[in-house]
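This report concerns only the one structure given below.
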Amino acid sequence: MGVAPLCAVTPTACHQHHVRPLMPMNAVVHSIAVCAVAALSSCHSEEMPRMERADPSEIRVRNGSDVAFTDVIVGRNSYGNIEPGRTTEYQTWQRAYRYSNFSFMAESKVYNFVPNDYTGEVPLGQGKFTYVLTFGGIEVERDTK
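Per the numbering used here: the sequence shown = residues 231 to 375.
Now the structure itself:
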């Protein structure tokens, strides 16, 4: 899976989109419950795939642009504000991949990236890594120190 370019969304545009459920919420909950029971009753425990346990990774973020990024969130972690060319402190992730979802503000615009999925991706595993954020996307570097 490659990394798609960033999408810029102005803060006011975010508030203009309204989502309505296609059916009443109790019907949605009922449908989910029926599907879950059917799925679980048709599988034996030895047939259900298990997610492999990955060693934790130490992840920091570098601003690879010449513009300050504010309110930086990568994965589920907040990295605060990052000046151009600067790098944050490491944070421990239980499972990290070579790319991640992220969002930040720059020049009064919100930028965010959400990968489609991590199908086929292998966790980075134990080690120290730096995600480099730019307006073109996200890249990961293995830290040698």
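The beta-carbon is built from N, C-alpha and C at its ideal position, and this holds for glycine as well.
query: Please report the Cβ distance between residue 329 and residue 345, rounded to the nearest whole angstrom; I am assuming they are in contact, meaning their Cβ atoms lie under 8 Å.; result: 6 Å
query: Which of helix, strand or coil does DSSP assign to residue 371?; result: strand
query: Which of the three DSSP states is assigned to residue 307 in this structure?; result: strand
query: Are the CB atoms of residue 343 and residue 300 nearer to each other than 8 Å?; result: no
query: Look up residue 316 in the DSSP assignment and say whether it is helix, strand or coil.; result: coil
query: Exposed or buried, what is residue 294 when buried is set at 16 or more other beta-carbons lying within 10 Å of its beta-carbon?; result: buried
query: Cα separation between residue 374 and residue 341?; result: 29 Å
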